[in-house]
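Peer 1: Position in the sequence shown (from 1) plus 255 gives the number in the numbering used here.
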Amino acid sequence: MSFIKANLENIKERITQAAKACGRSPEDIQLLAVSKTFPAEDVRTCFDSGQRAFGENYVQEGVAKIASLQDLRAEIKWHFIGPLQSNKSRDVAENFDWVHSIDRLKIAQRLNDQRPSNLPRLNVCIQVNISGESSKSGVQANDLIELCKHISELPNLLLRGLMSIPEPTDDVAQQRQAHHELRQLLEILKSSEELDQSKMQLDTLSMGMSSDIEAAIAEGSTMVRVGTAIFGKRTYL
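(1) Since Q369 and S344 should fall inside the 8 Å C-beta cutoff, what is the C-beta to C-beta distance between them, to a whole number of angstroms?
(2) Where do the ends of the alpha helix (DSSP H) carrying S344 lie?
(3) Roughly how many angstroms separate the alpha carbons of V354 and L457, rounded to a whole number?
(4) Is D283 closer than 8 Å to T459 when the C-beta atoms are compared?
(5) Under a Cβ-count criterion, where at least 16 other Cβ atoms within 10 Å of its own Cβ denotes burial, should N378 be classed as buried or exposed?
(6) How about the segment 266–282 and the segment 320–337: do they share at least three Cβ pairs that are nearer than 8 Å?
(7) Going along the chain, which unbroken runs of the alpha helix (DSSP H) with 4 or more residues stay wholly within the segment 275–354?
(8) Check this for me: beta carbons of S419 and Q395, under 8 Å apart or not?
(9) From S466 to I266, what distance separates their C-alpha atoms?
(10) Taking the alpha carbon of L412 as the point to measure from, which residue in G310, A308 and L360 has its own alpha carbon closest?
(11) One question on the structure: do E311 and K332 come within less than 8 Å of each other, judged by their Cβ atoms?
(12) Run through the DSSP bridge pairs and tell me what V427 is partnered with.
(13) With respect to the beta strand (DSSP E) encompassing R415, which residues constitute its N-terminal and C-terminal limits?
(14) Give the list of continuous beta strand (DSSP E) stretches no shorter than 3 residues that lie fully inside the segment 358–395.
(15) For E474, collect the residues of the same chain with a Cβ closer than 7 Å to its Cβ; drop the 5 residues on either side in sequence, then sort them by chain order.
(16) Can you give the Cα-Cα distance for E401 and G317, rounded to whole angstroms?
(17) Could you tell me the alpha carbon to alpha carbon distance between N397 and S257, rounded to whole angstroms?
(18) Applying the criterion that 16 or more other CB atoms from any shown protein chain within 10 Å of the CB defines a buried residue, is I472 buried or exposed?
(19) For H334, which of Q285, D297 and S372 has the nearest alpha-carbon?
(20) Near A470, which residues of its chain fall below 8 Å by C-beta distance, leaving aside the five closest residues on each side in sequence?
(21) Give the single residue among C403, G305 and P410 whose Cα lies nearest to the Cα of E448.
(22) So L399 is in the alpha helix (DSSP H); what residue range does that whole segment cover?
(23) What are the partner residues of R480, as DSSP defines its beta bridges?
(24) Exposed or buried, L374, counting other C-beta atoms within 10 Å across all chains shown (16 or more means buried)?
If you want it as structure tokens, here you go:
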């Protein structure tokens with residue numbers, strides 16, 4: 256058994272146990288394998304081990320990987336989860352199935368305008384700067400409803416929910432608090448009379464990574480983004 260397959264099975268077991276511990280069904284939590292910096296061959300190994308959803312942080316690397324694995328394109332869902340600059344939006348709009356990191360209307364508008372007409376609507380999440388870190392991307396909570404209003408009017412995008420990358424901590428209580436705050440924001444959106452719920456599908460909380468899966472699941476995560484615990488330690492050039 257490859258180490259990737261073994262790691263994948265370990266993560267799935269962690270998800271299962273975390274879900275059971277808080278009375279949730281493991282089937283309600285999707286695992287996103289974050290393959291940034293790892294070669295297409297590792298993605299293929301992970302695919303052969305049963306994984307079907309992959310996340311990429313860098314546009315050029317992600318697009319190259321998608322092209323390299325074109326024979327698997329019909330079965331893989333590709334998620335863009337990194338910061339997105341305007342000059343890279345076309346590549347994302349043309350190649351990915353999901354974008355988790357929208358934090359301003361300009362990017363959403365460009366993705367909408369550049370989404371090919373032969374492709375389904377692009378699933379999007381709004382990234383919230385839940386910990387208020389100046390170094391992190393993400394919309395502030397008090398600007399969230401207004402951004403949702405505008406995105407919901409874009410015909411080639413489907414707003415699915417929220418994403419966050421909280422400030423790292425080993426304190427489980429702090430982990431849970433950050434995830435709890437994002438969950439509360441989603442609940443506010445789902446009950447807001449200012450938003451036309453028929454134009455959105457608010458069913459996604461993209462939160463939790465290798466170090467805080469259990470806390471995220473306990474607070475309602477529907478999609479955990481795991482890289483290191485599947486592919487190993489990253490080497491940045």
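The beta-carbon is built from N, C-alpha and C at its ideal position, and this holds for glycine as well. Model, not experiment: these values are computed from the prediction.
Peer 2: According to the data block:
(1) 6 Å
(2) S344 to N350
(3) 14 Å
(4) no
(5) If you draw a 10 Å sphere on the C-beta of N378, you find 16 or more other C-beta atoms in it, and that means buried.
(6) no
(7) Contiguous alpha helix (DSSP H) elements confined to the segment 275–354 occur at 295–303, 314–323 and 344–350, taking only those with 4 or more residues.
(8) no
(9) For S466 and I266, the distance between alpha carbons rounds to 11 Å.
(10) L360
(11) no
(12) DSSP lists no partner for V427.
(13) L412 to S419
(14) 377–383
(15) Around E474: R431, H434, H435 and R438.
(16) 30 Å
(17) 46 Å
(18) I472 should be labelled buried.
(19) Distances from the alpha-carbon of H334 to those of Q285, D297 and S372 put Q285 closest.
(20) V427, Q430, R431, H434 and G463
(21) C403
(22) L399 to S407
(23) L287
(24) Exposed is the call here.
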